[in-house]
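Residue numbers (this note's numbering): 6 to 392.
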């Protein structure tokens, strides 16, 4: 797929008197528009972070610690952003991160970002706690590339059921999140007394799962409170260990990624337990306040993994330059979260497609202006640490 970043720019310039009708361009604009449109509680749920927000801010600030050092007089007439993950070529090293309860942002819920991603060829990672069941999201995507993110429940039969459903619905990888066995101290949500799951949102996969329904005394439509509490109990899996990861590994032949790694020793452990990929992540700063920024964690993890499996990174990606910096420091691809969440709130599928298209176009331009004709040419020589 060719993105033609110059054409995208020119279309914006040519808008003329219609400029006021354009969707936002910068992350800050999307964020502000979402804040204006959403009620305080759902906006705070997406915008908020753990504790004082130090990790969240640190994720973004870490990218400012590195500068790009471009080369000149290079042939950049044709730039190639394409990458490969698990034998599948993707047009850009970018995926949509798993974000749950999308119905608090837009009535279409997870269908909207899924469809936008599919139209651009960008892989979409569906959250375990999506409001829309995974089968319906798969139908909305058609042949789009989709992965399923799993918060491992306590009940092994439920774990297997969710994996089997994902396999049957054409999801091509399983992403196990391991940094959220407990919910972080999220002051904005506590102030607003807001946990969307308590109203049944984000329960699309649980409420439609035959194993989950079998362990309830009453169906969710007869006693939603009891069903929600049972789902939350399943997710509060504080006994999850590497042994539990082994169990998941045994249940599927799909590529298995572990999400939530920030320590090189954990990356090495993950390899020894058979994972096929690692997502360097601190949950967007929503779990452990004061934790290391993912970009700061990336180099040591890259050194430890030594190219044995793909490394992906999330938390703090806002611009095309951020993507290049992450790739230069060892990432195979990045996940973007809040930017598309705000775009979803502002303009649904159209908004998500717009923010992705602009992010890709900016990345393409940044790559070219840096003097690289292919994303495969990006290496540590592109960046300099200045702080």
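Where is the CB? At the ideal position from N, CA and C, for every residue including glycine.
The straight-line gap separating the alpha-carbon atoms of residue 221 and residue 10 is approximately 52 Å. Per DSSP, residue 68 is not a residue of any beta strand (DSSP E); the alpha helix (DSSP H) it occupies stretches across 59–69. Counting C-beta atoms within 10 angstroms of its own C-beta, residue 76 has fewer than 16 neighbours from the protein chains shown and is therefore classed as exposed. Counting only the Cα atoms, residue 299 lies some 22 Å from residue 367.
Rounded to the nearest angstrom, the Cβ distance from residue 335 to residue 327 is 14 Å, too far for a contact under 8 Å. In this structure, residue 136 keeps its C-beta atom at 8 Å or more from the C-beta atom of residue 182. Following the DSSP letters along the chain, one finds residue 129 inside the beta strand (DSSP E) bounded by residues 129–131. In the structure shown, the three-state DSSP call for residue 377 is coil.
Burial is judged here by how many other beta carbons sit within 10 angstroms of a residue's own beta carbon; residue 211 has at least 16 and is buried. A contact between stretches requires three or more CB pairs, one per stretch, nearer than 8 Å, and the stretch 29–42 fails this requirement with the stretch 264–277. In this structure the stretch 182–192 lies against the stretch 290–299, because at least three pairs of beta carbons, one per stretch, are closer than 8 Å. Between residue 61 and residue 290, the C-beta gap is smaller than 8 Å, which places the two residues in contact. Between the alpha carbons of residue 155 and residue 133 lies a gap of roughly 5 Å. Nearest to residue 216 by C-alpha distance, out of 201, 232, 264, is 232. Uninterrupted alpha helix (DSSP H) stretches at least 4 residues long and entirely within the stretch 202–238 occur at 209–212, 215–219, given in chain order. Within the model, the alpha-carbon separation for residue 160 versus residue 373 is close to 50 Å. Leaving aside the five residues that flank residue 392 on each side, the residues in its chain whose CB is nearer than 8 Å to its CB run, in chain order, 69, 70.
Following the DSSP letters along the chain, one finds residue 258 in no beta strand (DSSP E), marked with neither H nor E.
For residue 286, DSSP assigns no beta-bridge partner whatsoever.
One thing to note: residue 285 has its Cβ within 8 Å of the Cβ of residue 318. Assigned with DSSP and collapsed to three states, residue 338 falls in strand.
Here the alpha carbons of residue 329 and residue 72 stand approximately 10 Å from one another. When the beta-carbon positions are compared, residue 149 and residue 129 come within less than 8 Å of each other.
Your pair residue 354 and residue 113 checks out as a contact, with CB atoms roughly 7 Å apart and the cut at 8 Å.
Sixteen is the threshold: when 16 or more other Cβ atoms of the shown chains lie within 10 Å of the Cβ of residue 206, as they do, the residue is buried. Residue range 93–95 is occupied by the beta strand (DSSP E) that includes residue 94. A check of alpha carbon separations from residue 240 across 251, 202, 16 identifies 202 as the nearest. Taken through DSSP and simplified to helix, strand or coil, residue 182 comes out as strand.
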